[in-house]
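Residue numbers (my numbering): 4 to 215. Heads up, the beta-carbon is just placed ideally off N, CA and C, and yes, glycines get one too. These numbers come from a predicted model, not from an experiment.
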């Protein structure tokens, strides 16, 4: 037998280390904790409001950004979830109450980047700049949209809203929060102004994960 063959015969390949019982337990504990942490995200879904099935595709209506004057539309917001609310600056009680609640819920949900709140002015005669400042006092990320009278009539029709001259306040209008998914479909409706902040925040988190 040659020297090389003799040395090869003495070589031993390193054996694969066998997992110890302690290592197996540690891996199991880590896997359990990870699954426990992810479970709420995997099961998260909206729990409040009304599910609109089948969803309606919202038609494009030409609107303007109240702060910049730039044209905006529902299609220009595709790729993000929109919470669309209709309000006006002189609204005495309901509009500011719902906007304040949405702002608190948005912060409580962690201000998800894939979700935007867009507020459409139901008072075409109002100053767009003043309306934008009004909306952004609730949250600087909220978008203020302005519509002229014909556009407002069209967008109100899309969402089946009542908008008319008020009797006990300047304007009467339907105070619903409407959820539009990234494909421009109307997926959810909140008509209960008594919904709690935490309940809005829960559903905002679900929307940020694409659950409607």
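Using CA atoms only, rank isn't needed, just tell me which of the options is closest to residue i.
i	options	result
residue 186	78, 70 and 140	78
residue 210	116, 100 and 94	116
residue 204	104, 150, 168 and 56	104
residue 49	188, 182 and 197	182
residue 87	161, 197 and 170	161
residue 90	188, 173, 184 and 206	173
Quick check on the burial criterion: 16 or more other C-beta atoms within 10 angstroms. Buried or exposed for residue i?
i	result
residue 131	buried
residue 71	exposed
residue 208	buried
residue 179	buried
residue 163	exposed
residue 84	buried
residue 212	exposed
residue 201	exposed
residue 38	For residue 38, the pLDDT reaches just 47, beneath the cut-off of 50, and the residue's location in the model is therefore unreliable, although a value from the coordinates is still provided. Result: exposed.
residue 52	buried
residue 96	exposed
residue 165	exposed
residue 121	buried
Give the C-beta separation of residue i and residue j to the nearest angstrom, bearing in mind that I take them to be a contact with Cβ-Cβ under 8 Å.
i	j	result
residue 92	residue 126	7 Å
residue 215	residue 199	Contact flag wrong, Cβ pair sits at about 20 Å.
DSSP has residue i in a bridge; who is on the other side?
i	result
residue 104	Note: residue 104 sits in no beta bridge, so no partner.
residue 194	BP columns for residue 194 are empty, so no partner.
residue 176	166
residue 74	67
residue 183	85 and 189
residue 139	In the DSSP output, where bridge partners are listed per residue, residue 139 has none listed.
residue 48	Partner(s): none; residue 48 has no beta bridge.
residue 54	191
Can you find a CB in chain C that lies within less than 7 Å of the CB of residue i?
i	result
residue 116	Of the protein chains in the structure, only one exists, and it is not chain C.
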